[in-house]
Amino acid sequence: MSWNRVSVIGAGLIHMGELFEQSYEQMARGAFDAAVGSVDNGFDPTEIDAVFVATQRGTLWGQEGIGGNTIPSAIGLAGVACTRVENACPTGSDAFRVGCMAVASGVHDVVLVIGVEKMRDKSSDEGLLARAAAGHPVYTRGESAPVLFAPFATRHMHEFGTTREMLASVAVKNHHNGVLDPYAHFRNEVTIEQVLAAPPVCSPLHLLDCCPQTDGAAAIVITSPERAADFTDRPVFVAGFGVATDHPYLHEKSTYVGLPATVEASRRAYEMAGISPADVDVAEVHDCFTITEILDIEDLGFVEKGRGGIASIEGQTALDGRIPVNPSGGLLAKGHPIGATGIAQLTECWWQLRGQADERQVAVRNGFALQHNVGGRGSGVSVVNILTTNGP
Amino acid sequence: MADPTPALQGGLFRLAPDGTLTLVGGRSRSSGRLHFPLAAVCPWTGADDVEPSDLPRHGRLWAWTTVTAPPPGYAGPVPYGFGVVEFDVPGEADGEVLRIVGRITVADADALSAGDPMVVVAEELPTDDGPVRTWAFAPDTGGDR
Chain A
6 MSWNRVSVIG AGLIHMGELF EQSYEQMARG AFDAAVGSVD NGFDPTEIDA
56 VFVATQRGTL WGQEGIGGNT IPSAIGLAGV ACTRVENACP TGSDAFRVGC
106 MAVASGVHDV VLVIGVEKMR DKSSDEGLLA RAAAGHPVYT RGESAPVLFA
156 PFATRHMHEF GTTREMLASV AVKNHHNGVL DPYAHFRNEV TIEQVLAAPP
206 VCSPLHLLDC CPQTDGAAAI VITSPERAAD FTDRPVFVAG FGVATDHPYL
256 HEKSTYVGLP ATVEASRRAY EMAGISPADV DVAEVHDCFT ITEILDIEDL
306 GFVEKGRGGI ASIEGQTALD GRIPVNPSGG LLAKGHPIGA TGIAQLTECW
356 WQLRGQADER QVAVRNGFAL QHNVGGRGSG VSVVNILTTN GP
Chain B
10 MADPTPALQG GLFRLAPDGT LTLVGGRSRS SGRLHFPLAA VCPWTGADDV
60 EPSDLPRHGR LWAWTTVTAP PPGYAGPVPY GFGVVEFDVP GEADGEVLRI
110 VGRITVADAD ALSAGDPMVV VAEELPTDDG PVRTWAFAPD TGGDR
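Heads up: the sequence lines are chains A and B, in that order. Just so you know, we're using my numbering here: the first sequence kicks off at 6 and counts up by one. Just so you know, we're using my numbering here: the second sequence kicks off at 10 and counts up by one.
Here it is, written out as structure tokens:
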């Protein structure tokens, strides 16, 4: 039996991309308007009595002390309870989980969870890369996110015979899905040959094996299942969620062909939802690199450990495959505006479950969609949320 | 003679007069487990009975990459090698290993294979702030540099 103590009544996002012309608050306003406008029976935003803001790093646009409290006035809710949540790459997905707990506890009635991230206002050298390893005792010179993920790919290739073509098939699929997603940063097809021939970043990862840096915002409105009946006749429930951490140093990893935080977060979420991986109809997972999606689909239990590359190149994760993964285009094509990423993924899950995903709609048989992020030092934190159309 | 190049960070390694670099980790008396870098508490049990412990210098290549797009601050040659080396840990339970990340002196991924013998060496790393002393992993050809 699923948890089902919270319902999603609205969700939306803005077109992801390089949004130099929009401020942080303007991006938030766009996502807020989209979410409010999506509520089936209409919605007075003053019903919202708490806001959780998901922003991972204000320093990427020059704000050391971003606290989230610039958002309420930007969305016409000055005075409302508002808290910023940060939890590395799962910032958005964890803000959603925190919002769910606020509703389920009965403390808050209608909650807005809004993710906003500006990634492009500063150049990569000044922003993400320069600050990625600051203060770390070991990763202080010569390392970056792809440098730390690349050895996982090398090891996966060594242990399981995974090939660069298999890695590339993830980028090909997600770019194809991105073409069908009007909100995606990249809306162009790529071929296996193009991925293989792209400039190398760190072997075996080339440019198209890596997600872009993207500005974006996404918002979601949640309430109790009882209140949800006022707003929609097609409710989506929160079936369960899970969070798990792992050692922050790669030195302490028990494996280099999987991410233990993902395994444990999903185990907790499946248990709370009362389902197994086979019950999931569609998944939005953390594909910061092509190898990451291969690790994810194994760690989430969709395919056997070591079979992720083969499953990808066989099309098992395509829109019409056995387990469609990243129908939105994923981080690779839709983009990865960190705080917004998880909430944008949840929005896609909500659309898919409600049959509103247009050309990228997948077959929904069991009524379960899974959303996943993993990140932080040593990929040491993961969050999994599961949504369902199956009522309490 | 003292090493004229400043260390990447204090406490990560010792450099002998002959140039031999030894990484310094920590071992918890109660858990018996080794970790790196040296931490205030055992990362597996939280016990605060950690003592500094020299790490082995000879290991096996576990995973690796050749970096073509270096992050800012790095002023050395491109491409360069980076990866993970696995060390057997003396006194640990059977099969217990420690894996350490670091630079690899070979900048051609195709020239490396899983399981290659590797040795810890001292390396001067050029950065925007001047050279720093750090460790790297080099193919272990038998001579103990």
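Note that beta-carbon positions come from the ideal geometry of N, C-alpha and C, so glycine has one too. None of these values were measured; they are calculated from a predicted model.
Chain A within 9 Å of residue 110 of chain B, Cβ atoms only: yes
Per-residue DSSP class, three states only, for residue 142 of chain A: With a pLDDT of 44 at residue 142 of chain A, under the threshold of 50, the predicted position of this residue should be treated as unreliable, and no value is reported.
Residues of the segment 15 to 28 of chain B whose Cβ lies closer than 9 Å to any Cβ of chain A, in chain order: 17, 18, 20, 21
Spatially closest choice to residue 59 of chain A from A/170, A/41, A/11, A/222, by CA coordinates: A/222
Residue 182 of chain A in three-state terms, based on DSSP: helix
Identified DSSP bridge partners for residue 70 of chain B: B/94
Contacts that residue 273 of chain A makes with chain B (C-beta to C-beta distance below 8 Å): Going along chain B, no residue has its Cβ under 8 Å from residue 273 of chain A, so there is no contact; the nearest lies around 21 Å.
Whole-number beta carbon distance between residue 153 of chain A and residue 53 of chain A, since they are thought to touch under 8 Å: Wrong, their Cβ atoms sit about 39 Å apart, outside the cutoff.
Three-state secondary structure (DSSP) of residue 37 of chain B: strand
Contact check, residue 377 of chain A vs residue 187 of chain A, beta carbons under 9 Å: no
Any C-beta of chain B under 9 Å from that of residue 204 of chain A: yes
Beta carbon of residue 248 of chain A nearer than 9 Å to that of residue 386 of chain A: yes
Beta strand (DSSP E) segment containing residue 2 of chain B, residue limits: As shown, chain B starts at 10 and ends at 154. That puts residue 2 of chain B outside it, with no answer to give.
Coarse secondary structure for residue 288 of chain A, derived from DSSP in three states: strand
Same chain, Cβ closer than 8 Å to residue 300 of chain A, five either side skipped, listed in chain order: 157, 161, 262, 263, 264, 267, 313
CA-to-CA distance, residue 286 of chain A to residue 225 of chain A, given in whole angstroms: 21 Å
Alpha-carbon spacing of residue 28 of chain B relative to residue 305 of chain A, whole angstroms: 47 Å
Under 8 Å from the C-beta of residue 99 of chain B: neighbouring residues of chain A: In chain order: nothing, as chain A lies at least about 17 Å away.
Buried/exposed call for residue 46 of chain A, threshold 16 Cβ in 10 Å: exposed
Range covered by the alpha helix (DSSP H) that runs through residue 265 of chain A: 265 to 278
Cβ-Cβ distance between residue 23 of chain B and residue 17 of chain B below 9 Å: no
Short CB-CB distance (under 9 Å) between residue 160 of chain A and chain B: yes
Cross-chain neighbours of residue 252 of chain A in chain B, by beta carbon under 7 Å: 52
Beta carbon of residue 274 of chain A nearer than 9 Å to that of residue 375 of chain A: yes
Nearest residue (CA-CA) to residue 67 of chain A, options A/98, A/125, A/43: A/125
Per DSSP, cross-strand counterpart(s) of residue 106 of chain A: The partner list for residue 106 of chain A (beta bridge, DSSP) is empty, contrary to what the question assumes.
Sheet register partners of residue 32 of chain B (DSSP bridge): B/22
Identity of the residue in A/203, A/98, A/308, A/181 nearest residue 346 of chain A by Cα: A/98
Same chain, Cβ closer than 6 Å to residue 63 of chain A, neighbours up to 5 away in sequence not counted: 71
Straight-line Cα distance separating residue 77 of chain B from residue 253 of chain A: 25 Å
Enclosing beta strand (DSSP E) for residue 16 of chain A [first to last residue]: 12 to 18
Own chain residues within Cβ distance below 7 Å of residue 151 of chain A, not counting five before or after: 206, 207, 210, 215, 294
Pairwise C-alpha distance: residue 56 of chain A and residue 107 of chain A: 10 Å
Selected residue, minimal CA-CA separation from residue 369 of chain A, among A/344, A/278, A/328: A/328
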